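One structure is given below, encoded as structure tokens.
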Amino acid sequence: MTLFILKRLLIAFFVCLAVSAISFALMFLSGDPAIAIAGSGGRAEDAAAIRVAYGFDRPILVQYADWVWSALHGDFGQSIYFNIPVSEIIGNRIGVTLTLGFVAFAVALIVAVPLGIAAAMRPNGLIDRLALILAVTGQAIPSFWLGLMAIVVFGAWYGWVPISGTEEWQGYILPVIVLSYYALPAMMRITRSGMIDVLASDYVRAAYAKGLPAHRVIWGHALRNAVLPLVSLAAVQLGLLLSGSIVIESVFALNGMGRLAWESLLRSDLPVVQAIILLLSLLYVALTTLADIVNAMLDPRLRGGSI
Amino acid sequence: MTEPLLDIRNLRVSIPTEAGLLNAVRGVDLRVTPGDTLCLVGESGCGKSLTATAIMGLLPRYAIQKHDGFAICGTDLSHNPNSALRKLRGTRMAMIFQDPTAALNPTLTIGRQLTEAVMLHERLSRSAADERAIDLLDRVGIARAASRLSLYPHEFSGGQRQRIMIAQALMCRPSLLIADEPTTALDVTIQAQILSLLKDLQDEMGLGLLLITHDLGVVAAVATDVAVMYAGRIIERTPRAELLRHPAHPYTRNLMKAIPNPGVTPRGEPLPSIPGTVPGLIGDMVGCAFRDRCAQALVPCGQDPLPSRTIGTGNRHSYECWLSDEEDGA
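These protein sequences, in sequence, are chains H and E.
Numbering (the numbering used here) for the first sequence: 88 to 394.
Numbering (the numbering used here) for the second sequence: 591 to 920.
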């Protein structure tokens with residue numbers, strides 16, 4: 088197991104290296120950054136001066152090493168648009184996105200797993216049908232519409248929650264509901280189908296044949312096997328929620344990473360875009376590595392052998 | 591006469607399908623006494639596995655089960671089978687499955703799987719339960735058992751897994767063991783080992799064994815009594831020696847003819863087989879289920895009820911057929 092984790096971490100390290108190289112290269116993919124910074128009215132001399140000032144005249148590998156080294160120390164350079172450190176801009180925004188993402192993920196998981204199990208216990212039964220309706224509507228209703236309707240009904244008509252912003256914690260309630268409702272259907276359905284497969288298996292019959300009560304068969308024998316696909320899906324979903332939803336953040340006027348990424352793209356604020364892409368990629372690498380490790384802890388067959 | 595471990599009368603199991611009610615088990619009587627091995631023989635789909643599943647009380651929820659009497663180890667289960675069965679499962683009766691690879695949970699150590707039932711049923715401590723598991727693993731031929739409790743099923747071979755399944759079934763010292771094709775998923779040499787292991791354990795513990803198989807070789811090796819099942823009914827029941835010497839029902843006789851017999855079966859000719867296929871089991875069936883495939887079918891074969899004939903000494907050999915023993919020409 089320790090060996091397995093070390094192997095996974097080593098792989099993750101190399102993936103991170105590749106990812107950082109790609110996001111660094113993005114800077115140069117859209118043309119000469121010095122000319123971009125100089126702007127449409129810039130002269131050749133300006134561009135040349137900028138090139139020296141920003142260090143674009145150095146060999147590319149030196150620039151890359153320098154950028155990685157700084158990034159490791161939390162320094163992603165200066166925002167071209169705001170002219171303040173990128174880390175400061177991201178630091179101001181990331182809290183909202185992380186809070187929203189983690190809470191929405193937790194809510195989705197807490198609802199999806201028990202509901203998926205209950206649905207699998209009696210396929211096509213009442214709970215299964217209701218869960219299916221919930222899943223289909225969750226997948227079919229666009230979050231921007233659901234968000235707007237929630238604001239109109241609970242914010243404007245009833246006045247139970249703030250209409251927008253996150254000054255009070257109540258401001259998170261509607262975005263969390265809308266975002267978790269978006270993440271819920273897939274997790275619920277994968278729990279259900281995994282559980283149906285496992286409940287039909289011989290080892291579940293064997294567990295019943297041993298005289299174990301149903302709750303021990305389900306929680307002790309079945310669930311462990313049924314959640315394996317859920318773990319991989321949940322890692323991706325969590326990545327999605329933590330990377331910030333442009334739609335949700337726009338509808339609820341939240342200053343999170345999703346909006347920052349979108350705005351920075353429109354402003355061609357490349358250092359910010361670069362930093363966000365790097366952070367999100369690292370987040371995904373971390374989450375998939377974590378999912379692999381969790382799955383290996385659940386299923387010993389995944390631990391052994393080759394990579 | 592000792593009290594039977596299993597006594598079930600007129601067991602019927604039906605499965606609702608889109609085409610109608612599929613009557614998979616159509617009136618089966620079974621009795622198993624301590625120390626006996628009753629082999630339930632039949633081809634795929636004849637209802638033998640469903641019979642075992644029904645006895646264990648593990649039928650799927652949509653299956654419909656009826657009977658005229660059901661007792662296990664002296665406990666009458668006619669009226670309230672489910673809750674009473676739950677108490678008997680794992681303690682007084684245990685089951686061995688066909689495919690040990692599928693019947694062991696891949697994500698739990700074998701130690702956990704062996705001990706959890708006994709810790710629950712007999713309130714044994716972990717160390718006492720471990721000790722019993724080690725004893726039994728030792729007994730079924732898993733060497734160095736103490737150091738292997740923490741291993742997972744995939745770290746054992748197929749034959750070892752079936753040995754572990756057997757040990758698991760015996761953990762709570764049951765009186766009745768139901769084995770559903772316990773050797774089908776194993777290769778031939780391992781099959782023989784597992785069968786002789788089962789026989790030894792049975793002698794040692796006085797187990798009643800209900801062994802379900804389609805393999806007449808298994809029957810010849812371990813059975814004391816044989817029940818031949820066809821299309822959801824037991825058409826012939828007999829002591830093993832009688833079956834081998836004098837099969838009475840035309841289906842059984844055809845089955846026995848299909849076994850290659852070195853020195854007797856002519857070389858270079860195809861083995862005899864039974865023409866036709868098993869009848870569909872949807873809806874009611876009147877008369878003998880085998881009559882469409884039977885070379886000796888008579889006019890009354892399409893009528894109910896079929897006569898039950900008893901031959902030999904001690905009324906232990908009976909079969910369901912219009913043909914009497916004298917006119918069959920066997």
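We treat Cβ as the ideally placed atom computed from N, Cα and C, and that holds for glycine.
This structure is a prediction, so every number in the text was calculated from the model and none was measured.
Rounded to whole angstroms, what's the CA-CA distance from residue i to residue j? Just pull it up for me.
i        : j        : result
E:Ser673 : H:Ala287 : 21 Å
H:Ala199 : E:Ala817 : 49 Å
H:Met77  : H:Tyr268 : Residue numbering for chain H in the displayed model covers 88 to 394; residue 77 of chain H lies beyond these limits and cannot be assessed.
E:Leu767 : E:Val708 : 16 Å
H:Thr375 : H:Gly281 : 20 Å
E:Asn851 : E:Ser863 : 14 Å
H:Gln165 : E:Thr697 : 50 Å
E:Leu984 : E:Val809 : The structure shown does not extend to residue 984 of chain E, since chain E is modelled only from 591 through 920, so no value can be given for it.
E:Leu694 : H:Asp289 : 8 Å
E:Pro743 : E:Gln750 : 9 Å
H:Arg145 : H:Arg138 : 9 Å
E:Tyr841 : E:Gln886 : 10 Å
E:Ala759 : E:Ile802 : 16 Å
E:Leu611 : H:Ala243 : 57 Å
H:Ala322 : H:Leu377 : 8 Å
Take the Cβ of residue i as the centre, count every other Cβ of all protein chains shown within 10 Å, and call the residue buried at 16 or more, exposed below.
i        : result
E:Ser634 : exposed
E:Val889 : exposed
H:Trp256 : exposed
H:Glu336 : buried
H:His160 : exposed
H:Gly126 : exposed
E:Asp626 : buried
H:Asn170 : exposed
H:Ile109 : exposed
H:Val239 : exposed
E:Ser765 : buried
H:Gly345 : buried
H:Gly128 : exposed
H:Phe163 : buried
E:Lys638 : buried
For residue i, is the beta carbon positioned less than 7 Å from some heavy atom of the ligand SAM?
i        : result
E:Thr900 : Among the ligands in the structure shown, none appear at all, so the ligand SAM cannot be discussed.
Quick check on residue i - is its C-beta less than 8 Å from some C-beta in chain E?
i        : result
H:His302 : no
H:Ile394 : Residue placement at H:Ile394 is poorly supported in this model, since its pLDDT is 41, which falls under 50; the coordinates still yield a value, given next. It does not; no Cβ of chain E falls within 8 Å.
H:Pro210 : no
H:Arg388 : yes
H:Ala293 : yes
H:Leu90  : no
H:Asp379 : no
H:Leu328 : no
H:Leu385 : yes
Name the chain E residues that come within less than 8 Å of residue i, Cβ to Cβ?
i        : result
H:Leu317 : Going along chain E, no residue has its Cβ under 8 Å from H:Leu317, so there is no contact; the nearest lies around 14 Å.
H:Asn312 : Asn695, Pro696, Thr697
H:Leu213 : Those within 8 Å of H:Leu213 in chain E number zero; the least Cβ separation is about 14 Å.
H:His308 : Asn695, Leu698
If the cut is a Cβ gap below 8 Å, which residues of chain H does residue i touch?
i        : result
E:Gly680 : Ala296, Lys297, Gly298, Leu299
E:Ala775 : Within 8 Å Cβ-Cβ: nothing; E:Ala775 doesn't reach chain H, min ~11 Å.
E:Ala692 : Ser288, Asp289, Tyr290
E:Glu684 : Sequence check: residue 684 of chain E is Ala here, not Glu. In chain order: Ala296, Lys297.
Counting only beta-carbon separations shorter than 8 Å, does residue i have a partner in chain H?
i        : result
E:Tyr742 : yes
E:Asp689 : yes
E:Met795 : no
E:Leu760 : no
E:Leu913 : no
Chain H partners of residue i, CB-CB under 7 Å?
i        : result
E:Arg543 : A question about residue 543 of chain E goes unanswered here, because the residues of chain E that appear run from 591 up to 920.
E:Ala707 : Lys297, Gly298, Leu299
Counting only Cβ pairs nearer than 9 Å, list the residues of chain H close to residue i.
i        : result
E:Leu710 : Lys297, Gly298, Leu299, Pro300, Arg303
E:Leu648 : Arg292, Tyr295, Ala296
At 9 Å on the CB atoms, spell out the chain E contacts of residue i, in chain order.
i        : result
H:Leu185 : None at all; the shortest Cβ gap to chain E is about 32 Å.
Taking 8 Å as the threshold, find out whether the stretch 313-327 of chain H comes into contact with the stretch 777-793 of chain E through three or more Cβ pairs.
-> These segments do not touch.
Check whether the stretch 607-622 of chain E touches the stretch 785-795 of chain E, counting contact only when three or more Cβ pairs, one atom from each stretch, lie closer than 8 Å.
-> In short, these stretches do not touch, since the Cβ pair count stays below three.
Is the stretch 305-312 of chain H close to the stretch 361-374 of chain H, with three or more CB pairs under 8 Å?
-> no
Mind the definition here: the stretch 852-862 of chain E touches the stretch 591-601 of chain E only if three or more C-beta pairs lie below 8 Å; say whether that holds.
-> no
Meets three-Cβ-pair contact criterion under 8 Å: the stretch 249-266 of chain H and the stretch 177-197 of chain H = yes
Okay, do the stretch 218-234 of chain H and the stretch 349-356 of chain H touch, 3+ Cβ pairs below 8 Å being the bar?
-> Too few Cβ pairs lie closer than 8 Å, so no.
May I ask you to verify whether the stretch 295-305 of chain H touches the stretch 320-340 of chain H, counting CB pairs closer than 8 Å and requiring at least 3?
-> no
Is it true that the stretch 225-239 of chain H meets the stretch 258-272 of chain H, where meeting means three or more beta-carbon pairs spaced less than 8 Å apart?
-> yes
Between the stretch 826-833 of chain E and the stretch 899-915 of chain E, do three or more beta carbon pairs fall short of 8 Å?
-> Contact between the stretch 826-833 of chain E and the stretch 899-915 of chain E is present: 3 or more CB-CB pairs across the two stretches fall below 8 Å.
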